[in-house]
Ligand SMILES: NC(=O)c1ccc[n+]([C@@H]2O[C@H](COP(=O)([O-])OP(=O)(O)OC[C@H]3O[C@@H](n4cnc5c(N)ncnc54)[C@H](OP(=O)(O)O)[C@@H]3O)[C@@H](O)[C@H]2O)c1
């Protein structure tokens, strides 16, 4: 990869990629909504034709899962039509495309970790629009990497930061214990992307940190690393009424394609969390 166009560069993954690519020989064209709206056909074609990147990494998305339930047209635009536009532009100029997707394309009812070939069946609009983004890419070009990730945290608003903030504000925190997934550090995902991007082993990948946890277990690990003294209460999804969108109960992803290649294994989620909290978040003891 010599020249890469990054969309959504101000998001968690975009920033993590920048952290790794700065000081590398790769030429980066960083764009976000204010400079390149991936839904704007004219803008996309003008930039891709001018810059002719050899790789486009689409980190742009509408990631507000609950808002996607009501802002459906906007979610379709950003999560499905945006990737389609990028794919058409990539095809015209010969660029390869990295499209990021989600564990929420699955319904979470199988009770075992999903591999890349399992049939998707999203429960919510976010998952459904992201799945349509996958399909749009696959029907447009051949040289794509679709990477499904999950429960991402990095430089941005995320669960880790929310928990640390709540720990300062409250004595007791209730967290859902019946949704199991793969908490994944954006930096670790960025490492995985940069590892596979020159492989030409195109297709769908699962890219999540190894292991699995409920949101409650994830929170417990966060407070343990932070030495935070919090009364953490496990609750069911039914008891937690703030969520609007239906989430999968068990959406653990197995990195089957990546691990079968045997050249890169993503960190266990607890190790990646420690790395993140030791390096990225200001941890205030809550005792
Ligand atoms: N976050 C998660 O837990 C999670 C889980 C599974 C999969 N993923 C996927 O992983 C990828 C990266 O997620 P992330 O957490 O890094 O996302 P993020 O932090 O929400 O960043 C997304 C970026 O895209 C920008 N953007 C939104 N609409 C755009 C448009 N039309 N054109 C260009 N840029 C636009 C956003 O700008 P504004 O902030 O101004 O809107 C933001 O800077 C996404 O594909 C997401 O669906 C994320």
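Residue numbers (the numbering used here): 248 to 534.
Here a beta-carbon is modelled for each residue, glycine too, at the ideal position from N, C-alpha and C.
Computed from a prediction, not measured in an experiment: that's the story for all the values here.
Any chance the CB of residue i is under 7 angstroms from a heavy atom of ligand 1?
| i | result |
| --- | --- |
| residue 398 | yes |
| residue 259 | yes |
| residue 350 | yes |
| residue 253 | no |
| residue 268 | no |
| residue 359 | no |
| residue 355 | no |
| residue 337 | no |
| residue 452 | no |
| residue 325 | yes |
| residue 249 | no |
| residue 320 | no |
| residue 458 | no |
| residue 510 | no |
Using the rule of at least 16 other Cβ atoms within 10 Å of the residue's Cβ for burial, across every protein chain shown, is residue i buried or exposed?
| i | result |
| --- | --- |
| residue 366 | exposed |
| residue 358 | exposed |
| residue 341 | exposed |
| residue 300 | buried |
| residue 272 | exposed |
| residue 509 | exposed |
For a test of the three-state rule: what should DSSP assign to residue i, helix, strand or coil?
| i | result |
| --- | --- |
| residue 498 | coil |
| residue 463 | helix |
| residue 199 | The question about residue 199 has no answer, for the chain in this structure spans 248 to 534. |
| residue 487 | coil |
| residue 401 | coil |
| residue 395 | strand |
| residue 268 | helix |
| residue 331 | helix |
| residue 390 | coil |
| residue 511 | coil |
| residue 472 | helix |
| residue 408 | helix |
| residue 370 | coil |
| residue 359 | coil |
Would you say residue i reaches chain C, if we count a Cβ-Cβ gap shorter than 8 angstroms as a contact?
| i | result |
| --- | --- |
| residue 447 | No chain C is present in this structure, which holds just one protein chain. |
Which whole runs of the beta strand (DSSP E) in the segment 413 to 465 are 3 residues long or more, in chain order?
419 to 423, 450 to 453
Kindly provide the ranges of any beta strand (DSSP E) runs that are 3 or more residues long and lie completely inside the segment 272 to 348, ordered along the chain.
274 to 277, 302 to 305
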